[in-house]
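Heads up: the protein sequence lines correspond to chains A and B, in order.
Here the first sequence is numbered in our numbering, starting from 554 and rising by one per residue.
Here the second sequence is numbered in our numbering, starting from 103 and rising by one per residue.
Where a beta carbon is used, it is the ideal one built from N, C-alpha and C, also for glycine.
Note that the structure is predicted; figures quoted are calculated from it, not measured.
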Amino acid sequence: MLLCCAGSKIPGSLHRSLERMQLAVPRRQILASAPWTGFALVVALLSVWELTVASGMVRSESWPALSRVLVSLQEGFQREGWLEIFGSTLYRMACGFSIAAALGTAAGLAMGASSLVYRTFMPTVEIFRVLPIPAVVPPLIFFLGVDDPLKITVIALAAFFPIALNTFAGVRAVDPVHLLIARTFRVPRRKVLLGIQLPSALPYVLAGCRISLGISFIVTVVTEMVAGSEGVGYFIVSMQYAMRADDMYAAIILLSAIGYLLNRAFLGLEARAIHWARELDARGRNA
Amino acid sequence: MARTAAGPAAVPHSALLSLDGLGKTFAAAGAEVEAIRRVDLSVAAGEFVSIVGPSGCGKSTLLQIVAGLLAPSAGEVRLDGRPISEPPEGMVYLFQQYSRSLFPWLTVEENVAFGFRHARDSSRRAAASRCARYLGMVGLADFGARYPWQLSGGMQQRVAIARALAAQPRVLLMDEPFSSVDALTRLELQGLILDLWARGKLTVLLVTHDVEEAVYLSGRIALLSKRPGRLVEVFPNPLPHPRRPVESREDARFLALRHELLSRLLASE
Numbered sequence: 554m555l556l557c558c559a560g561s562k563i564p565g566s567l568h569r570s571l572e573r574m575q576l577a578v579p580r581r582q583i584l585a586s587a588p589w590t591g592f593a594l595v596v597a598l599l600s601v602w603e604l605t606v607a608s609g610m611v612r613s614e615s616w617p618a619l620s621r622v623l624v625s626l627q628e629g630f631q632r633e634g635w636l637e638i639f640g641s642t643l644y645r646m647a648c649g650f651s652i653a654a655a656l657g658t659a660a661g662l663a664m665g666a667s668s669l670v671y672r673t674f675m676p677t678v679e680i681f682r683v684l685p686i687p688a689v690v691p692p693l694i695f696f697l698g699v700d701d702p703l704k705i706t707v708i709a710l711a712a713f714f715p716i717a718l719n720t721f722a723g724v725r726a727v728d729p730v731h732l733l734i735a736r737t738f739r740v741p742r743r744k745v746l747l748g749i750q751l752p753s754a755l756p757y758v759l760a761g762c763r764i765s766l767g768i769s770f771i772v773t774v775v776t777e778m779v780a781g782s783e784g785v786g787y788f789i790v791s792m793q794y795a796m797r798a799d800d801m802y803a804a805i806i807l808l809s810a811i812g813y814l815l816n817r818a819f820l821g822l823e824a825r826a827i828h829w830a831r832e833l834d835a836r837g838r839n840a
Numbered sequence: 103m104a105r106t107a108a109g110p111a112a113v114p115h116s117a118l119l120s121l122d123g124l125g126k127t128f129a130a131a132g133a134e135v136e137a138i139r140r141v142d143l144s145v146a147a148g149e150f151v152s153i154v155g156p157s158g159c160g161k162s163t164l165l166q167i168v169a170g171l172l173a174p175s176a177g178e179v180r181l182d183g184r185p186i187s188e189p190p191e192g193m194v195y196l197f198q199q200y201s202r203s204l205f206p207w208l209t210v211e212e213n214v215a216f217g218f219r220h221a222r223d224s225s226r227r228a229a230a231s232r233c234a235r236y237l238g239m240v241g242l243a244d245f246g247a248r249y250p251w252q253l254s255g256g257m258q259q260r261v262a263i264a265r266a267l268a269a270q271p272r273v274l275l276m277d278e279p280f281s282s283v284d285a286l287t288r289l290e291l292q293g294l295i296l297d298l299w300a301r302g303k304l305t306v307l308l309v310t311h312d313v314e315e316a317v318y319l320s321g322r323i324a325l326l327s328k329r330p331g332r333l334v335e336v337f338p339n340p341l342p343h344p345r346r347p348v349e350s351r352e353d354a355r356f357l358a359l360r361h362e363l364l365s366r367l368l369a370s371e
């Protein structure tokens, strides 16, 4: 950049050669490969938050300075018991998600393996899939109350469909040559399903799980907001009622951090489980 | 040696594998396409027979029917006198596309074991030694723990060959198994297949468009016409064993048979 600005004072030939040197490493590429720009924006946004209050631009009980929120966040471990609040939220989420992962994978496999199962269940799946999940909470309260049974059921229901449908798509996308191989080696049907169709669908299954992990996180907090008296969702709503904005924002910041870590952890797990699929992509299918 | 004309009379009862009046018609977009018509061929135990023909003549279709992977529209295939409707025991089909036929989530050793593990309830140790034996046979003794995508194309096809042989078939069906590897690797793999055929009681049926490959490898060569594929003639191969990659290809008998087959193929185009 400096060289460009100083260009007019440099003899023409040297200027051109310097330009050429710059072309060898385009500036845009340096910026694109820099790891800090994304992080810098996060810091900038948080700084703006702090400055809006520190400068006196915003004076409001409902918009405390970031620094005050961070203090509340730190004190909250003792005072509010973050571990317990977030622990109970994550526990419900884990229960619901695990049920959805197990049932969703099984349902997707069954629909992919048998056209009878597919034709029988697909219309029902289509009807339930498009239903906004919070809408089923009130009727379910009749039967399940407002505590864990309700919440875990709702989470599992919401997380089920992406996993089931992705698994189904993965089973359908199995390389037909793989299935011919199974036939020529007279592999029994059950082993074809578990030994060929499931592993080759695994990238799809895990992609569905990653979507559902995000959905379960959202739905867990939503169910805690609308029913019961436990978890982060309930805490955030209570703090809003109590006009304790700093505690409310502290919980939201923690929620965001946990969501980020969950997604990163899952991506790491996914990369390990299907390392072969990534290698294959990198080398090209026909290499 | 006299050439035998093909026909139902040429099917002896002692044949290990016999194709009787085999025909296949596909229904494609409302129209019917006849792929092969009335093919009769018999293969005795221990024979190496090649099927050559112009592209699109239904060679692969024919081999898939023999393998029990595709149902014929007419006629039948018998193994040991028993009609084939599903892939029978003791017969393995080796695919052309090695990159798609190996399972990328399994190691080389697990891929080889895949071909036989379900067949008999063998112990883990027995399975491991069986894998090692067949991987050794194809020259990949040290590659069992690798993944298929870590190997070259020729090595992957060796793994596929080891997997096929580890299932200990009596009949090996090969559909252009060397067509997607480079020329030098092809020569190596041809030599490997000849060695493996010569040491065991393996019967091989090979489909190829490569006349030289057919003449170099096989004992008899069946020539198919263009679509619909009919059996034109079966040529016995006078080329003596053992065959050598360079010398055998310069043998007068090799050149004569190659000349005959190529001119017949070109004439039928």
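If we cut at 8 Å on Cβ distances, does residue i have a partner in chain A?
i                      : result
residue 245 of chain B : no
residue 191 of chain B : yes
residue 110 of chain B : Any reading at residue 110 of chain B is ruled out, since the residue's pLDDT is 42, under 50, leaving its predicted position unreliable.
residue 180 of chain B : no
residue 184 of chain B : no
residue 63 of chain B  : Residue 63 of chain B lies beyond the stretch modelled for chain B, which goes from 103 to 371, so this question has no answer here.
residue 199 of chain B : yes
residue 171 of chain B : yes
residue 145 of chain B : no
Rounding to the nearest angstrom, what Cα-Cα distance links residue i and residue j in this structure?
i                      : j                      : result
residue 831 of chain A : residue 282 of chain B : 23 Å
residue 293 of chain B : residue 141 of chain B : 29 Å
residue 615 of chain A : residue 772 of chain A : 25 Å
residue 732 of chain A : residue 264 of chain B : 19 Å
residue 718 of chain A : residue 741 of chain A : 25 Å
residue 606 of chain A : residue 617 of chain A : 7 Å
residue 714 of chain A : residue 261 of chain B : 39 Å
residue 357 of chain B : residue 351 of chain B : 7 Å
residue 336 of chain B : residue 235 of chain B : 36 Å
residue 340 of chain B : residue 363 of chain B : 14 Å
residue 636 of chain A : residue 762 of chain A : 25 Å
residue 672 of chain A : residue 170 of chain B : 29 Å
residue 806 of chain A : residue 634 of chain A : 15 Å
residue 195 of chain B : residue 256 of chain B : 18 Å
residue 295 of chain B : residue 192 of chain B : 18 Å
residue 130 of chain B : residue 825 of chain A : 43 Å
residue 127 of chain B : residue 134 of chain B : 6 Å
residue 138 of chain B : residue 314 of chain B : 24 Å
residue 366 of chain B : residue 327 of chain B : 9 Å
residue 162 of chain B : residue 316 of chain B : 15 Å
residue 181 of chain B : residue 658 of chain A : 41 Å
Mark residue i as exposed unless 16 or more other C-beta atoms lie within 10 angstroms of its C-beta, in which case mark it buried.
i                      : result
residue 669 of chain A : exposed
residue 619 of chain A : buried
residue 814 of chain A : exposed
residue 665 of chain A : buried
residue 640 of chain A : exposed
residue 214 of chain B : buried
residue 600 of chain A : exposed
residue 303 of chain B : exposed
residue 680 of chain A : exposed
residue 610 of chain A : exposed
residue 794 of chain A : exposed
residue 801 of chain A : buried
residue 342 of chain B : exposed
residue 590 of chain A : exposed
residue 238 of chain B : exposed
Would residue i count as contacting chain B if we go by Cβ distances under 8 Å?
i                      : result
residue 728 of chain A : yes
residue 736 of chain A : yes
residue 739 of chain A : yes
residue 614 of chain A : no
residue 833 of chain A : yes
residue 747 of chain A : no
residue 733 of chain A : yes
Are residue i and residue j close, meaning C-beta to C-beta below 8 Å?
i                      : j                      : result
residue 151 of chain B : residue 145 of chain B : yes
residue 650 of chain A : residue 755 of chain A : no
residue 690 of chain A : residue 678 of chain A : no
residue 822 of chain A : residue 750 of chain A : no
residue 124 of chain B : residue 164 of chain B : yes
residue 345 of chain B : residue 305 of chain B : no
residue 216 of chain B : residue 232 of chain B : no
Just to check, is the beta-carbon of residue i closer than 7 Å to a non-hydrogen atom of the ligand GDP?
i                      : result
residue 307 of chain B : Of the ligands one can find in the structure shown there are none, so the ligand GDP has no counterpart to examine.
So within the region 286-319 of chain B, which uninterrupted beta strand (DSSP E) runs reach at least 3 residues, ignoring any that extend past its ends? 305-310
Hey, which unbroken runs of the beta strand (DSSP E) at 3 residues or more fall wholly within the region 730-757 of chain A? none
Completely contained alpha helix (DSSP H) runs for the region 223-264 of chain B, where each covers 4 or more residues: For the alpha helix (DSSP H) assignment, the uninterrupted runs of no fewer than 4 residues enclosed by the region 223-264 of chain B are, from N- to C-terminal side, 226-239.
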